[in-house]
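Chains as they are written, first to last, in our numbering: chain A, 1 to 397; chain B, 398 to 483.
No residue lacks a Cβ here, since even glycine has one placed at the ideal position from N, Cα and C.
This report refers to the structure that appears directly beneath it.
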Amino acid sequence: MPDFLMPSLGADMETGTVVQWLVKPGDRVKRGDVVAVVDTKKAAIEVEIFAEGEIDRILVPVGQKVPVGTVLATVRGKEEPAVAAAGRLPPPAPAEIAAVPEIPPAGPARPLQPPAERRRVSPLARRIADKLAVDLATVTGTGPQGAITQADVERAAAARAAPTPTLEAPPPTAVERQAAMREAIAALMARSKREIPHYYLGQHIDVSKAARWLEEENLKRPITERLLFSILLLKAVALATHDVPEMNGFWLDGRFQRGSGVHLGVAISLRQGGLIAPAIHDTDRKTLDELMANLRDLVKRTRAGVLRSSEMSDPTITVTNLGDQGVETVYGVIYPPQVALVGFGRQLHRPWAEDGMLGSRPVIHATLAGDHRASDGHRGGLFLVAIERLLQEPSTL
Amino acid sequence: MTAEETRRIVLRALGQIAPEADLSTIDPRQDLREQFDLDSMDFLNFALALNEALGLDVPERDYPKMATLDGCLKYLEDRAAAKAAS
Chain A
1 MPDFLMPSLG
11 ADMETGTVVQ
21 WLVKPGDRVK
31 RGDVVAVVDT
41 KKAAIEVEIF
51 AEGEIDRILV
61 PVGQKVPVGT
71 VLATVRGKEE
81 PAVAAAGRLP
91 PPAPAEIAAV
101 PEIPPAGPAR
111 PLQPPAERRR
121 VSPLARRIAD
131 KLAVDLATVT
141 GTGPQGAITQ
151 ADVERAAAAR
161 AAPTPTLEAP
171 PPTAVERQAA
181 MREAIAALMA
191 RSKREIPHYY
201 LGQHIDVSKA
211 ARWLEEENLK
221 RPITERLLFS
231 ILLLKAVALA
241 THDVPEMNGF
251 WLDGRFQRGS
261 GVHLGVAISL
271 RQGGLIAPAI
281 HDTDRKTLDE
291 LMANLRDLVK
301 RTRAGVLRSS
311 EMSDPTITVT
321 NLGDQGVETV
331 YGVIYPPQVA
341 LVGFGRQLHR
351 PWAEDGMLGS
361 RPVIHATLAG
371 DHRASDGHRG
381 GLFLVAIERL
391 LQEPSTL
Chain B
398 MTAEETRRIV
408 LRALGQIAPE
418 ADLSTIDPRQ
428 DLREQFDLDS
438 MDFLNFALAL
448 NEALGLDVPE
458 RDYPKMATLD
468 GCLKYLEDRA
478 AAKAAS
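Structure representation (structure tokens):
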């Protein structure tokens, strides 16, 4: 019987708490359905199920924190054939991860939620709902796409005649969540530097053609369809992995395993501090417009703290673009178990020599952090050169 | 639309992009991107919010004119005047 387990939603995750069940016993599920929302230290993740069949028993109630790998629910039905390693990563051995502080549980365990239509609730709103004992099913959401915000919850609480709060333990505050995120990043980055022999390569890339092409493209489009420069960078990196596939995948069980697709992790910084790098699936196969729509949606949900499990577990290579913040060069730290991270700095106007002539061009410094177990400098160099070449032909992106 | 209304709209748009920011202490002459740590996605969202509120398409080449709050207000005023004149 295929079971629904607490998934590993990142190399640094040890435990998770189910905050919402979206199915009940008897519901039919198919692969890809979101069946629960799990709170990790970094975000509330909508978890997709891989099995297909009927929910049999829910074993872990809302509010209980359990280790990765715990059976959350049993499913009656046929199991999908095993997919490539890209989809499912083994949880890291506890000895490798620094101890993280205990976070108080999200609240008293409540009886199973009836399967409401999937509604977005910001983590802050959820915590306040817990604190004020507001049933989220009764709250009208006024946020984007009907999302429930903190204000909505407070309004619902105020509208009640006699509120009945009683909590056994206070939910984590914003400060605690911040600290927990910092711990998670610290553990992951420390592991990366401890385990991965990084090598670094850099390439200054003339992006005048790409910038000019983009400017003309954007003039043809309404503001609602405007493309950001970073989309060109993401697409170029994704396509370059076709030339050098050993940049796209994982180091697992002592060897390189190719990613089953090219799912670019995009490093997104959170406004209150912190960093998450969720995946855009099949980056190499999407048009620039599709990537732009994906990126906008991803940034919005990342900052709201609501992501999907496949976005957390599937990145096959990550890009960090710090050009907006003004720094010239990024020396990145690879996210294990990936084997490469591409960094882009700011567009700077620089003197540039070409065909015996000197001019001023917009130039960005692209860097590659590579896992020396999986690749050597020669192949890493070819990868950066491929990115450069692709950016000279922006219409092919 | 009065200058006060325009200012309110601009501040509301900024508040959507940077919800944790204290807009009451905004420096009207300081670069907005620096003040509120806005990246290119944030700035585009800001332009989109203005587009939605004012029906105004801000082309990329005009972004530098909107670098500060004062710049934004002047730019939007000029655009509104140009629209009225045409």
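Proximity of the segment 205–225 of chain A to the segment 307–319 of chain A falls short of the contact definition, fewer than three beta-carbon pairs being nearer than 8 angstroms.
At a cut-off of 7 angstroms between beta carbons, D282 (chain A) makes no contact with chain B. Cβ-Cβ separation between G345 (chain A) and T329 (chain A): approximately 5 angstroms, consistent with a contact (criterion under 8 angstroms). At a cut-off of 7 angstroms between beta-carbon atoms, E449 (chain B) makes no contact with chain A. For the options A:V68, A:M13, A:Q64, A:H204, the alpha carbon positioned closest to that of R361 (chain A) is the one of A:H204.
Closer than 7 angstroms to the CB of M463 (chain B) there is not a single CB belonging to chain A.
The beta-carbon separation of V34 (chain A) and E48 (chain A), rounded to 6 angstroms, stays under the 8 angstroms limit for a contact.
Annotated three-state conformation of F383 (chain A) is helix, per DSSP. One thing to note: A410 (chain B) has its Cβ no nearer than 7 angstroms to the Cβ of F433 (chain B). Within chain A, R271 have C-beta atoms less than 9 angstroms from the C-beta of A415 (chain B), given in sequence order. In terms of CA proximity to D289 (chain A), A:L232 leads the group A:L232, A:V327, A:V342, A:D27.
At a C-beta separation below 8 angstroms, D454 (chain B) has these neighbours in chain A: P222, I223. Pairing L264 (chain A) with I276 (chain A) gives a Cβ-Cβ distance that is not under 7 angstroms.
The straight-line gap separating the alpha-carbon atoms of Q392 (chain A) and L368 (chain A) is approximately 19 angstroms. Taking a Cβ-Cβ cut-off of 7 angstroms, the neighbours of A444 (chain B) in chain A comprise I223, given in sequence order.
Counted as a single uninterrupted DSSP element, the stretch harbouring V47 (chain A) is not any alpha helix (DSSP H) but the beta strand (DSSP E) occupying residues 44–48. Distance from the CA of L298 (chain A) to the CA of A267 (chain A), rounded to the nearest whole angstrom, comes to 11 angstroms. Counting along the chain, V306 (chain A) sits inside the beta strand (DSSP E) bounded by residues 306–308. In this structure, the beta-carbon distance from P123 (chain A) to H372 (chain A) does not fall below 7 angstroms. Interface annotation, D459 (chain B): not in contact with chain A, CB-CB separation never under 7 angstroms. A direct Cα-to-Cα measurement between V385 (chain A) and H349 (chain A) gives close to 20 angstroms. At least one beta carbon of chain A lies nearer than 7 angstroms to the beta carbon of D436 (chain B).
In this structure, the CA atom of P144 (chain A) is about 26 angstroms from the CA atom of M463 (chain B). Residue nearest to E401 (chain B) within the set B:S483, B:L473, B:A481, B:D436 is B:L473 (criterion: CA-CA distance). Not one beta carbon of chain B lies nearer than 7 angstroms to the beta carbon of D297 (chain A).
When DSSP reads this structure, A73 (chain A) sits in a beta bridge with A:F4, A:I58. Assigned with DSSP and collapsed to three states, H378 (chain A) falls in helix. Of B:G452, B:S421, B:A415, B:L470, the smallest CA-CA separation from M438 (chain B) is found for B:A415. Ranked by Cα distance from F50 (chain A), the first of A:V75, A:G63, A:A156, A:A125 is A:V75. In the DSSP annotation of this structure, the continuous segment of the alpha helix (DSSP H) that includes S230 (chain A) starts and ends at 229–243.
Against chain B, the CB of L9 (chain A) has no partner CB under 7 angstroms away; the residue lies outside that interface. Within the segment 420–464 of chain B, the alpha helix (DSSP H) runs of at least 4 residues that lie entirely inside it are, in chain order, 429–433, 437–451. When DSSP states are grouped into helix, strand and coil, Q178 (chain A) belongs to the helix group. At a cut-off of 7 angstroms, the C-beta of L228 (chain A) has a neighbouring C-beta in chain B. Only buried fits P278 (chain A), as 16 or more other CB atoms lie within 10 angstroms of its CB. Taken through DSSP and simplified to helix, strand or coil, K65 (chain A) comes out as strand.
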